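The numbering used here applies: residue 113 is where the sequence shown begins, and numbers increase by one.
Note that CB positions come from ideal geometry on N, CA and C, so glycine has one too.
Computed from a predicted structure; not experimentally measured.
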Amino acid sequence: MRSLGVVAACAAVTMVGGLVFSGCATEDDSSAPASDERTPTGEQGEEPQGGRSETADGERDDLVSFEIDDRSQAGIENIWVTWTIRKRSSEKSNYTWEWEAVGPDGTRLYNSTEIATDVQPGQTATGESPTTLKTSMVKINVTEFDRSKSW
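Given below as structure tokens:
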């Protein structure tokens, strides 16, 4: 009976730890002000960081939507990001992208990383993640986007 309590306690700690790490974000006010150019997916158009240019097959085009979803009600903030990936190449792929939320004054309010794994050719994958944002009045920028072959 006592071992069942230990197992339940370990499971609870694991679940809480997973929730904490799945929504990891840091606040950083060092971001440059955002421009007003926006792409159809809601983030601003800017060149990829790290000195690399987009690949010839347009891997970034696989991210067909990435948006803020304000689910707040009764005065309680509940702001999520939602996304859709549409796999256009011929190999099963994994996707990782980094993004930031920038306030109207150009201050970065939130940043995080999203992951989609094992997306099959022709498949559409959707997902969502909670944030700690206090407002949905932000611009979102995808600051890094990578597609890699899934084994």
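Query raised in the report: What are the boundary residues of the beta strand (DSSP E) that E203 is part of?
Result: For the purposes of this step, residue 203 is identified with residue 91 of the sequence shown, where counting begins at 1. DSSP places E203 in no beta strand (DSSP E); its state is neither H nor E.
Requested in this report: Could you tell me if R220 is buried or exposed, where buried requires 16 or more neighbouring beta carbons within 10 angstroms of its beta carbon?
Outcome: Here the question's residue 220 lines up with position 108 in the sequence shown. When all chains shown are included, R220 counts as buried.
Query raised in the report: Helix, strand or coil: how does DSSP classify D174 here?
Result: Position 62 of the sequence shown, counted from the first residue, corresponds to residue 174. DSSP places D174 within a helical segment (H, G or I) once states are collapsed to three.
Report task. Please state if the CB of R183 and the CB of W192 are separated by a distance shorter than 8 Å. Result -> For the purposes of this step, residue 192 is taken as residue 80 along the sequence shown, with counting starting at 1. For the purposes of this step, residue 183 is taken as residue 71 along the sequence shown, with counting starting at 1. Result yes, Cβ atoms of W192 and R183 sit closer than 8 Å.
Query raised in the report: Thinking C-beta only, is I227 closer than 8 Å to T208?
Result: Within the sequence shown, the letter at position 96 stands for residue 208. Within the sequence shown, the letter at position 115 stands for residue 227. In this structure, I227 lies closer than 8 Å to T208 by Cβ.
Query raised in the report: Does any heavy atom of the ligand NAD sit closer than 7 Å to the C-beta of L175?
Result: This structure lacks the ligand NAD; in fact it carries no ligand of any kind.
Query - S147 classed as buried or exposed, judged by whether at least 16 other C-beta atoms fall within 10 angstroms - result: Indexing the sequence shown from 1 puts residue 147 at position 35. Summary for S147: the model assigns pLDDT 38, below 50, so the residue's position carries little reliability; its value from the coordinates is reported in the next sentence. Answer is exposed; the Cβ neighbour count stays below 16.
Query raised in the report: Terminal residues of the continuous beta strand (DSSP E) containing D230?
Result: In the sequence shown, counting from the first residue as 1, residue 230 sits at position 118. Looking at the DSSP string, the run of the beta strand (DSSP E) that includes D230 is 220-231.
Query raised in the report: Mapping DSSP to helix, strand and coil, what is E189?
Result: If you number the sequence shown from 1, residue 189 lands on position 77. Three-state DSSP puts E189 in coil, outside helix and strand.
Report task. Please determine, among S202, T196, N190, the residue with the shortest C-alpha to C-alpha distance to L175. Result -> Stepping through the sequence shown from its first residue, residue 175 is reached at position 63. The option with the nearest alpha carbon to L175 is T196.
Query raised in the report: Buried or exposed: S224, going by 16 or more other Cβ atoms within 10 Å of its Cβ?
Result: Numbered from 1 along the sequence shown, position 112 holds the residue referred to as residue 224. S224 is buried by the Cβ-count criterion.
Query raised in the report: How about W211 and I252: are their beta carbons less than 8 Å apart?
Result: Position 99 of the sequence shown, counted from the first residue, corresponds to residue 211. Position 140 of the sequence shown, counted from the first residue, corresponds to residue 252. Closer than 8 Å, so yes.
Query raised in the report: How many Å lie between R198 and G239 at the Cα?
Result: Within the sequence shown, numbered from 1, the residue matching residue 198 stands at position 86. Within the sequence shown, numbered from 1, the residue matching residue 239 stands at position 127. R198 and G239: Cα-Cα distance of roughly 12 Å.
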